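Visitor:
There are 2 protein chains.
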Amino acid sequence: MTHETTPLSPAGTLYAGIDGGGTKCRAELYNADGKLLGAGIAGAANIARDSEIAKRSILDAVTAAVSEAQLPPESLGQIRACGGFAGANLPSAANIMRQWQHPFQSFDFSSDLHTALYGAHNGENGAVLVIGTGSCAAALVSGQLQQFGGHGFLLGDKGSGAWLGKQAVIHTLEAIDGIQQHGALAAAVQAHYQCHSATALVDKLNQAHPGVFGELCPLILQLANDGEASARALVAEGSTYLSAIARKALQNSGGKLVLTGGVAGALQRWLDTDIREQLSTSHYGPEWGAIMLYQNGGMPSHGN
Amino acid sequence: MTHETTPLSPAGTLYAGIDGGGTKCRAELYNADGKLLGAGIAGAANIARDSEIAKRSILDAVTAAVSEAQLPPESLGQIRACGGFAGANLPSAANIMRQWQHPFQSFDFSSDLHTALYGAHNGENGAVLVIGTGSCAAALVSGQLQQFGGHGFLLGDKGSGAWLGKQAVIHTLEAIDGIQQHGALAAAVQAHYQCHSATALVDKLNQAHPGVFGELCPLILQLANDGEASARALVAEGSTYLSAIARKALQNSGGKLVLTGGVAGALQRWLDTDIREQLSTSHYGPEWGAIMLYQNGGMPSHGN
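Just so you know, the protein sequences line up as chains H and X, in that order. Letter by letter, the first sequence follows residues 1 to 304 of UniProt numbering. Letter by letter, the second sequence follows residues 1 to 304 of UniProt numbering.
(1) Which two residues bound the contiguous alpha helix (DSSP H) that contains residue 260 (chain X)?
(2) Checking contacts by CB at 9 Å: is residue 241 (chain H) closer than that to chain X?
(3) Give the interface partners of residue 198 (chain H) over in chain A, defined as CB-CB distance under 7 Å, in chain order.
(4) Can you tell me where the beta strand (DSSP E) holding residue 84 (chain X) begins and where it ends?
(5) Can you tell me whether DSSP reads residue 108 (chain H) as helix, strand or coil?
(6) How do the region 184-202 of chain H and the region 250-264 of chain X stand: do at least 3 beta-carbon pairs fall below 8 Å, yes or no?
(7) Buried or exposed, going by whether 16 or more other CB atoms sit within 10 Å of the CB of residue 35 (chain H)?
(8) For the putative contact between residue 142 (chain H) and residue 125 (chain H), defined by C-beta atoms under 8 Å, what is the C-beta separation to the nearest angstrom?
(9) Would you decide whether residue 95 (chain H) is buried or exposed? Buried here means 16 or more other CB atoms lie within 10 Å of its CB.
(10) Expressed to the nearest angstrom, what Euclidean distance is found between the alpha-carbon atoms of residue 12 (chain X) and residue 120 (chain X)?
(11) Give a yes or no on whether 9 Å exceeds the smallest Cβ distance from residue 206 (chain X) to chain H.
(12) In chain H, which residues lie less than 8 Å from residue 92 (chain X) when you measure between Cβ atoms?
(13) Which residues in chain H sit within 8 Å of residue 148 (chain X), going by Cβ to Cβ distance?
(14) Excluding sequence positions up to five away, which residues of its chain have a Cβ less than 7 Å from the Cβ of residue 250 (chain X)?
(15) Short check: CB of residue 111 (chain H) to CB of residue 14 (chain H), under 9 Å?
(16) Going by the DSSP bridge assignment, what does residue 26 (chain H) pair with across the sheet?
(17) Is residue 313 (chain H) close to chain X, meaning its C-beta is less than 9 Å from at least one C-beta of that chain?
(18) From residue 163 (chain X) to residue 131 (chain X), what distance separates their C-alpha atoms?
(19) Please report the Cβ distance between residue 88 (chain X) and residue 109 (chain X), rounded to the nearest whole angstrom; I am assuming they are in contact, meaning their Cβ atoms lie under 8 Å.
(20) Show which residues of chain X have a CB atom less than 7 Å away from the CB atom of residue 165 (chain H).
(21) Would you mind reading off the limits of the beta strand (DSSP E) that contains residue 141 (chain H)?
(22) Which of the three DSSP states, helix, strand or coil, is assigned to residue 207 (chain X)?
(23) With a threshold of 16 other CB atoms inside 10 Å of the CB of residue 171 (chain H), please say whether the residue is buried or exposed.
(24) To the nearest angstrom, report how far apart residue 239 (chain X) and residue 216 (chain X) are at their CA atoms.
(25) Report back the beta-carbon spacing between residue 24 (chain H) and residue 44 (chain H) to the nearest angstrom; my notes put them in contact at under 8 Å.
(26) Could you list which residues in chain X have their beta carbon closer than 8 Å to that of residue 244 (chain H), in chain order?
(27) Quick check: residue 16 (chain H) and residue 85 (chain H), are their CB atoms within less than 9 Å of each other?
(28) CB-CB under 6 Å to residue 51 (chain X), same chain, minus the five flanking residues each way: which ones, in chain order?
(29) With DSSP run on the structure shown, which of helix, strand or coil describes residue 303 (chain X)?
(30) Reducing DSSP to helix, strand and coil, say where residue 319 (chain X) ends up.
(31) For residue 149 (chain X), write down the residues that DSSP places opposite it in a beta bridge.
(32) Could you compute how far the alpha carbon of residue 231 (chain H) sits from the alpha carbon of residue 175 (chain H)?
(33) Do we get a CB-CB distance below 9 Å when we pair residue 154 (chain H) with the residues of chain X?
(34) Along the chain, where does the alpha helix (DSSP H) containing residue 55 (chain X) start, and where does it finish?
(35) Cutting at 8 Å between CB atoms, please list the residues of its own chain near residue 173 (chain X), excluding the five before and the five after it.
(36) In whole angstroms, what separates the C-alpha of residue 5 (chain H) from that of residue 291 (chain H)?
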């Protein structure tokens, strides 16, 4: 795909647009004419959660894109890498990434929210609601990013895949303790992790990454759609929160709302009516959004 | 204090009873006649959260007790150390501690819940409700421990100091986002951590230990007692859960309920009436409970 009619830069330079979230990292490689040459996928790239894993995922995703483009590995040195990463809104995480001895010609980044938003509305005012492993809403208002939610697995991300999974595990532990009804949701959670005591469940999940909780998301949504009370209550609580942050973003930006993230499709029908009515489709993906944001000098770390 | 009229063991042997929780570790040193020689306090000793820190806290607390007893440091080699530790119910954590190259004559342990319960009811049937940095209820039924709750900071510990603090931070983040009312609770949380944006708050607390969230507990309880709606709602939600797990423990043990932990006193008035009516005082503290449990061969790792 070619997004732009004008060249991005002098011939020979390559662009990698990267979208890094809590579960996966995706890179798209473009030439100076904006022609898509290849794409690659790798693992988690939440830079606040584990910057070493994120760095590896970024390298793996870009390397895979270079390989798909049938370019030699040395091409990394020609690449202007532009990424959006979960956790990049945290100064401590951003600082670590700024000091990265990367192999690219340049490496600039913002939050995954910023690049998704920029791509979705082609840089115009608008809002996004991201529902993946984490959750977040954002508004682009005259080029400025305003964020609602996205406070991470421990303190936020309500309604996300990881949050739904975590709440289902909490429900299951209370059901095992006999202070919640032990129904289909608790049974499904125990079966999924093959844990038949509270201790085994805690031992397995106490230090688990958000993605491990996110694994439960399909079965929770299935049960909720089938009308199971506990699953319905969790999905309803999460969706009420997601609708609230989306509403704030819409009020501030005044544009349309684009829904994105791995859980977005499945959760769409649970959002409040006023939110669903303002949904629109994305102009571009977050990978191209990252490249556009870089080109327009909108990345916090953009130096040239 | 002398707890027993019969000697614990041959003269020369010392006993350290240790109570290790998420915030502090306390050791009491006794001679073979059960006479208290000294006590010491050190930092966190949750073996599931950080076993290295726990080992240091255990050593520090026992060393301080030895010092208070005016015994030489070499006395560590004469000590039968018997402890109850937060996290000891998790097999992975217990395994690490079993492999510890400790300097004591022997080192045996169970969960802090087990030793507290054993001490509180002098080994008889009964229940405890622990409300400290974490939370848990337990029943001693014919010498067997049954646990309710105590699933840790990420997945449980509802009503505890750390949980109340975490919920207050979540409330504050939603208030900053404009989807909860920004009242006295949110203002107090922001003032406490000196964080005036959601990003600063998340950056400070995203990886924080439970104790850091527990710092908020006094101000939350103060606001709840003053009638602030958000603080009241949190304390009420936590207390409903705590009453539920205490009720299960009471139903199973049939005895009285002993309340323990750093937040127990402040939270007592919020518990359900039927729970408050069954409260009783403790026979012995958890440190002596650990020694008794060891003497009676009730510790999982007890070898002799």
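Idealized CB from N, CA, C, for every residue including glycine. Since the model is a prediction, treat every value here as computed from it, not as a measurement.
Guide: Once the coordinates are examined:
(1) Segment 257-260 is the beta strand (DSSP E) holding residue 260 (chain X); no alpha helix (DSSP H) there.
(2) yes
(3) Looking at the structure shown, chain A is missing, and the protein chains on hand are H and X.
(4) 79-85
(5) strand
(6) no
(7) exposed
(8) 7 Å
(9) exposed
(10) 28 Å
(11) yes
(12) 203
(13) 177, 178, 179
(14) 127, 257, 278
(15) no
(16) H:19, H:41
(17) The requested residue 313 (chain H) does not occur in the structure, where chain H is confined to residues 1 to 304.
(18) 10 Å
(19) 6 Å
(20) Those do not exist, as residue 165 (chain H) stays about 11 Å from chain X at its closest Cβ, beyond 7 Å.
(21) 135-141
(22) coil
(23) buried
(24) 17 Å
(25) 7 Å
(26) 179
(27) no
(28) 96
(29) Confidence at residue 303 (chain X) is low in this model, with a pLDDT of 44, below 50, so the placement of that residue is unreliable and no value is reported for it.
(30) With chain X covering only 1 through 304, there is no way to say anything about residue 319 (chain X).
(31) X:136
(32) 13 Å
(33) yes
(34) 51-68
(35) 198, 201, 202
(36) Residue confidence for residue 5 (chain H) is low, a pLDDT of 48 falling below 50, so the modelled location carries little weight; the figure read from the coordinates is stated next. Rounded to the nearest angstrom, the two C-alpha atoms are 15 Å apart.
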